[in-house]
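Q: First the structure, then my questions, so here it is.
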Amino acid sequence: MKFLRKIYTCTFAITLASMSVASAQDLRTYTDKSVLSSGKTVKIRVQEEGLYSFTYNELREMGFSNPKNVHLRGYGGELLNEDFTENNHYVDDLADQPVVDLGDKIAFYLRGVVGLTKINASATNNIGITENYTSDYSYYFLHEESTEAKRIELAEALAEDSIKETTYTAIKWQKFEDINVTKSGRNWYGNKFSNGDSKTFTFSFTNMISGETGKIY
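When you line the sequence shown up against the working numbering, it's residues 191 to 407, in that order.
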């Protein structure tokens with residue numbers, strides 16, 4: 191048989207320490223209200239990353255009075271890093287994305303819902319694909335504010351003898367989400383192979399350079 195012993199008196203040693211300035215600066219701050227809480231806002235949706243644009247006339251038709259003051263806000267469709275401790279200047283609001291002002295229209299680069307990451311720089315097959323498992327689309331907001339939008343300055347024209355890139359690395363991928371082993375969670379798999387099975391996957395590339403070698407990751 192086991193007995194419990196009741197404690198009537200005890201002594202604690204308490205040491206007081208002041209918070210360092212560095213620790214105080216790392217504390218997160220939260221906004222009182224969203225930047226979208228006032229002013230004209232239009233929500234836009236894209237499925238694929240790429241360059242997009244709106245003319246000044248299109249912006250006025252949407253209800254914006256001053257196209258130069260139309261800001262592009264949002265984080266895109268890729269999954270956000272869940273560990274914000276690496277970014278102490280994180281702001282609790284929608285990020286202000288820069289745009290290119292072409293005089294009669296604004297242009298900008300929007301991200302889709304698929305992100306490419308390097309898994310291991312020393313490995314041969316080092317490209318990983320991260321999908322947004324909560325949405326098939328990427329959302330941004332056009333918002334008219336009291337100040338002009340952030341601008342991307344256009345670079346000066348390159349000299350005639352400058353190096354010009356005429357090729358780029360094209361990446362295509364396939365992913366099927368047909369099987370969930372645990373029937374729960376976000377880990378899905380596809381293309382089940384049994385012993386002796388084989389499958390054929392076809393990819394097509396436009397303007398492919400003859401003689402170049404491709405890689406399978």
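Beta carbons are placed, not taken as given, at the ideal position from N, Cα and C, and that holds for glycine.
Alpha carbon to alpha carbon, how far is Ser243 from Ser388?
A: Their Cα atoms are separated by approximately 44 Å.
Q: Helix, strand or coil: how does DSSP classify Tyr407 here?
A: In this structure, Tyr407 counts as coil in the three-state DSSP scheme.
Q: Helix or strand or just coil, what does DSSP make of Leu249?
A: Three-state DSSP puts Leu249 in a helix.
Q: Going by DSSP in three states, Lys258 sits in which element: helix, strand or coil?
A: Correct three-state label for Lys258: helix.
Q: Once you ignore the five residues that flank Asp326 on each side, which residues in its own chain have a CB closer than 8 Å to its CB?
A: Same-chain partners within the cutoff: Gln237, Val303.
Q: Considering Cα atoms alone, identify which of Asn271, Leu306, Tyr329, Phe254 is closest to Gln287.
A: Residue Tyr329 is the option with its Cα nearest to Gln287.
Q: Thinking C-beta only, is Leu344 closer than 7 Å to Tyr299?
A: No, these two residues do not count as a Cβ contact at 7 Å.
Q: Following the continuous beta strand (DSSP E) through Phe298, name the residue where it begins and the one where it ends.
A: Here the beta strand (DSSP E) through Phe298 covers 295-300.
Q: Please report the Cβ distance between Glu334 and Asn247, rounded to the nearest whole angstrom; I am assuming they are in contact, meaning their Cβ atoms lie under 8 Å.
A: In fact, because the Cβ distance is near 15 Å, the residues do not count as touching under 8 Å.
Q: Specify, as a first and last residue, the run of the beta strand (DSSP E) that Gly329 falls within.
A: A small fix is needed here, since residue 329 is Tyr in this sequence, not Gly. Looking at the DSSP string, the run of the beta strand (DSSP E) that includes Tyr329 is 328-334.
Q: List the residues that DSSP assigns as beta-bridge partners of Ser243.
A: Ser243 is bridged to Ala297.
Q: Have a look at Asp222, Thr221, Ile317 and flag the residue whose alpha-carbon is nearest the alpha-carbon of Ile406.
A: The shortest C-alpha separation from Ile406 is found at Ile317.
Q: In the DSSP assignment, find the unbroken beta strand (DSSP E) run with Ile319 in it and report its ends.
A: Per DSSP, Ile319 belongs to the beta strand (DSSP E) from 317-321.
Q: Which first and last residues belong to the beta strand (DSSP E) in which Thr231 is found?
A: 231-236 is the extent of the beta strand (DSSP E) around Thr231.
Q: Per DSSP, what kind of secondary structure is Leu226 in: helix, strand or coil?
A: Residue state, collapsed to three classes: helix.
Q: So, with DSSP's three-state summary, where would you put Leu306?
A: Residue state, collapsed to three classes: strand.
Q: When we look at the beta-carbon of Ile369 and count the other beta-carbons within 10 Å, is it buried (16 or more) or exposed?
A: Counting Cβ neighbours within 10 Å, Ile369 comes out exposed, since fewer than 16 surround it.
Q: Since Val289 contacts Lys340 with CB under 8 Å, what's their CB separation in whole angstroms?
A: The Cβ separation is near 7 Å, so the contact holds.
Q: To the nearest angstrom, how far is the alpha carbon of Asp410 from that of Thr324?
A: What the structure shows of the chain is the stretch from 191 to 407, and residue 410 is not part of that stretch, so it cannot be assessed.
Q: Can the beta-carbon of Arg301 be found less than 7 Å from the beta-carbon of Leu284?
A: Not in contact: Arg301 and Leu284 (Cβ atoms no closer than 7 Å).
Q: Short of 6 Å in beta carbon distance, which residues of its chain neighbour Glu276, apart from the five on each side in sequence? Order them along the chain.
A: Confidence in Glu276 is poor, its pLDDT being 46 and thus under 50, which makes the residue's placement too unreliable to answer from.
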